[in-house]
Amino acid sequence: LHYPQCLRIVEILKGTEASTKNLFGRYSSQRMRDWQEIVSLYEKDNTYLAELSSLLVRSISYEVPALRRRIGRCQQAQQDCARREDECQAGAAELRERFLASCKQYGITGDNVRQELLALVKDLPSLLAQVGEGVSALGEAIELYQACMEFVCDSPGEVVVPLLRHVGTLGNTTVFRWRTGQEPLRVERPELREEPEPPREDTIDWGDFPLEPPQGDGAAAGGAEEIDWGITVEPSPQVCDPPQVCDPSLRGSRLCPPRYVDRVSELLRQKLKQAELLLAKKEALGRKRQEALAEQGALEPKLDRLLEKTKELQKLIEADISKRYSGRPVNLMGISL
Numbered sequence: 001l002h003y004p005q006c007l008r009i010v011e012i013l014k015g016t017e018a019s020t021k022n023l024f025g026r027y028s029s030q031r032m033r034d035w036q037e038i039v040s041l042y043e044k045d046n047t048y049l050a051e052l053s054s055l056l057v058r059s060i061s062y063e064v065p066a067l068r069r070r071i072g073r074c075q076q077a078q079q080d081c082a083r084r085e086d087e088c089q090a091g092a093a094e095l096r097e098r099f100l101a102s103c104k105q106y107g108i109t110g111d112n113v114r115q116e117l118l119a120l121v122k123d124l125p126s127l128l129a130q131v132g133e134g135v136s137a138l139g140e141a142i143e144l145y146q147a148c149m150e151f152v153c154d155s156p157g158e159v160v161v162p163l164l165r166h167v168g169t170l171g172n173t174t175v176f177r178w179r180t181g182q183e184p185l186r187v188e189r190p191e192l193r194e195e196p197e198p199p200r201e202d203t204i205d206w207g208d209f210p211l212e213p214p215q216g217d218g219a220a221a222g223g224a225e226e227i228d229w230g231i232t233v234e235p236s237p238q239v240c241d242p243p244q245v246c247d248p249s250l251r252g253s254r255l256c257p258p259r260y261v262d263r264v265s266e267l268l269r270q271k272l273k274q275a276e277l278l279l280a281k282k283e284a285l286g287r288k289r290q291e292a293l294a295e296q297g298a299l300e301p302k303l304d305r306l307l308e309k310t311k312e313l314q315k316l317i318e319a320d321i322s323k324r325y326s327g328r329p330v331n332l333m334g335i336s337l
């Protein structure tokens, strides 16, 4: 409560306490006399003028700039959010285009990635059989390449492109026959089960990954889950050296087409998941931008009221100083609102 509010209260009491006014122009109301005493104490030694000046300086130096900085931060936050929303939208569109381009490379539409890949895998044996039949026509080209290598490299004993020769001679054979030279007793291909697409969830499932590998019975149980291909390997005198042991991860990639299909489908779907994450981020940025806009809308009326109050203080000080110098006009300099 400051000097201008005290003056307003006295003016209001002059109307409400008019019946207590005596012949000498004084009021018998205790409330009126208390407020008149407060005003007189303010006017003693020009205390009110110092208070008004302090309020004016504080408003101009601190309160108005602080509100303007907050409004500026809100506007900057809105611009940043709008820019980042555009970036997220562009990034999501780019990821979707990359997903469609990858699907086009695989020859699928992308509506149901796993089932479409499984359909392609079903056609793979017939395609490999056609390739094996077509390689048999490359006999003359292989012999010409063999002669060229012998002439250029001076290595008549080295056989070039042995795998191509094997496929040209025997067709689409198994890897077991390529390695050992023997026909396997039977070949069982893994079953390609068509599983439905998992339902989309509103939250991201980060999974529950154990920190330590399973031990004991768990490891034995994990080993029992490998696919039984039904290939019986018998020792042969034609194989002089023992078979080389390759890395289990590579062996699994080569012998387990369903796992490869799952991995490829997961890589393709990863682009869609990233696009969805960008769209979710865009929505969050939109909410943040709306919050900044609402905060700016709440601060602007406060700034307007503060500016109006500051101008009133400026006019009061100018009018008071003008009275002291016979009504000469007084203008406070250095005030920019």
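Each residue of the sequence shown is one higher than the one before, starting from 1 at the first, in UniProt numbering. Ideal Cβ positions, reconstructed from N, Cα and C, are used throughout, including at glycine. Treat the numbers as computed from the prediction; the structure is a model and nothing was measured.
What does the alpha-carbon distance come out to for the pair residue i and residue j?
i, j, result
"L267", "S61", "59 Å"
"Q182", "F176", "7 Å"
"Q290", "L56", "34 Å"
"E63", "H2", "17 Å"
"L185", "P258", "23 Å"
"S249", "R263", "Bear in mind that a pLDDT of 37 at S249, under 50, signals an unreliable position, so the model cannot answer this."
"K302", "A77", "20 Å"
"S53", "E318", "11 Å"
"R73", "E295", "10 Å"
"A101", "A298", "48 Å"
"V159", "G139", "14 Å"
"S40", "R70", "39 Å"
"L313", "Q75", "29 Å"
"G207", "K281", "Any reading at G207 must be qualified, since the residue scores a pLDDT of 46, below 50, and its modelled position is unreliable; the value itself is stated next. Distance between the alpha carbons of G207 and K281 is about 21 Å."
"T173", "E87", "51 Å"
"D320", "S59", "19 Å"
"E17", "C6", "16 Å"
"E283", "E85", "8 Å"
"T20", "Q30", "10 Å"
"N331", "R287", "47 Å"
"A82", "K311", "36 Å"
"Q36", "L316", "19 Å"
"W178", "L279", "50 Å"
"A93", "V113", "19 Å"
"M333", "I38", "31 Å"
"V261", "Q115", "9 Å"
"I142", "E150", "12 Å"
"T180", "V152", "31 Å"
Look up residue i in the DSSP assignment and say whether it is helix, strand or coil.
i, result
"E97", "helix"
"D262", "helix"
"L303", "helix"
"G181", "coil"
"M333", "coil"
"A221", "Caution is warranted here: a pLDDT of 41 is assigned to A221, below 50, making its placement in the model unreliable, and no coordinate value can be reported."
"E116", "helix"
"S326", "coil"
"R186", "coil"
"D111", "coil"
"E158", "coil"
"T16", "helix"
"G139", "helix"
Residue i: which of the options sits nearest, CA to CA?
i, options, result
"L164", "N46, G134 and C103", "G134"
"A137", "G171, I9 and D123", "G171"
"K273", "Q314, G91 and R179", "G91"
"E97", "K271, D45 and T310", "K271"
"R33", "D123, D154, E51 and L13", "L13"
"E276", "L7, E17, F99 and L306", "F99"
"Q105", "V167, L120 and E11", "L120"
"P65", "E300, R328 and V330", "E300"
"V167", "V131, L285 and G327", "V131"
"L49", "Q79, K323, M333 and C153", "K323"
"D80", "K315, P162, L285 and E116", "L285"
"T109", "R269, Y325 and S326", "R269"
"P42", "L128, P4 and L118", "In the sequence as displayed, the identity of residue 42 is Tyr instead of Pro. When only C-alpha atoms are compared, the closest one is P4."
So residue i and residue j are in contact, right, with Cβ under 8 Å, and what is the actual spacing, rounded?
i, j, result
"L293", "L67", "Between L67 and L293 the Cβ distance is about 16 Å, and since that is not below 8 Å, they are no contact."
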